[in-house]
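Q: Mind looking over this structure? Questions follow.
Residue numbers (my numbering): 17 to 156.
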C-alpha cells in the first residue's frame with residue numbers, strides 16, 4: 017500500500033521535490049538534509065476489527081493510518097511567515113491526490129484525520145498530515 021501511495025503522490029503532486037518512504041517522523045526530522053519540498057510517506061497505525069466470518073475463511077477490516085510529511089526550507093525567514101505560506105501549495109496538491117482515493121480494492125477512500133506543522137529551527141519546518149483508509153485482511 018505504501019508504494020502505491022508514493023506513486024500516487026509522484027503522479028499528482030508536481031510541486032513536491034521528491035516522494036520517499038520513511039520509517040518515522042523523527043527519522044525525517046533528525047536524520048536528513050532533504051531539500052525543500054521533499055515529501056515522506058510514513059506508516060503510522062493499524063487497528064483491526066474482529067473477524068466478520070463465523071464459519072470458514074477469514075475477513076477482517078483493518079483501519080490504516082499513514083502520515084504524509086513534507087519539508088519546507090527557507091533560511092531567510094526568522095518568523096516563519098514564508099514557510100507557513102509555502103504549506104498551502106504542497107498541502108493542496110497532497111489533498112487533491114489523496115482525498116477520496118482508495119489505494120486498495122474494496123477499501124474505503126482516504127480521509128484526512130488532521131495535520132500540524134513543526135518548526136525544526138534553522139529555517140526548516142515539517143508539515144505532517146495523518147490520513148486514514150481501510151483494507152481487508154483475508155485468509156482461509
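Glycine included, C-beta positions come from ideal geometry on N, C-alpha and C.
Quick caveat, the model's predicted, so the values are computed rather than measured.
Counting Cβ pairs, one atom from each stretch, are 3 or more of them under 8 Å apart for the segment 75 to 82 and the segment 97 to 106?
A: Taking a cut-off of 8 Å for Cβ pairs, the segment 75 to 82 and the segment 97 to 106 do not touch, as fewer than three such pairs fall below it.
Q: Please report how far the alpha carbon of residue 109 lies from the alpha carbon of residue 115, in whole angstroms.
A: Distance from the CA of residue 109 to the CA of residue 115, rounded to the nearest whole angstrom, comes to 10 Å.
Q: Does the beta-carbon distance from residue 58 to residue 41 come in below 8 Å?
A: yes
Q: From the DSSP output, in three-state form, read off residue 32 for me.
A: coil
Q: For residue 142, collect the residues of the same chain with a Cβ closer than 8 Å to its Cβ; drop the 5 residues on either side in sequence, then sort them by chain order.
A: Excluding sequence positions up to five before and after residue 142, its CB lies within less than 8 Å of the CB of 41, 44, 45, 85, 86, 87, 88, 133, 134, 136, all in the same chain and listed in chain order.
Q: Would you kindly report the start and end of the unbroken beta strand (DSSP E) that includes residue 81?
A: Unbroken beta strand (DSSP E) run through residue 81: 74 to 89.
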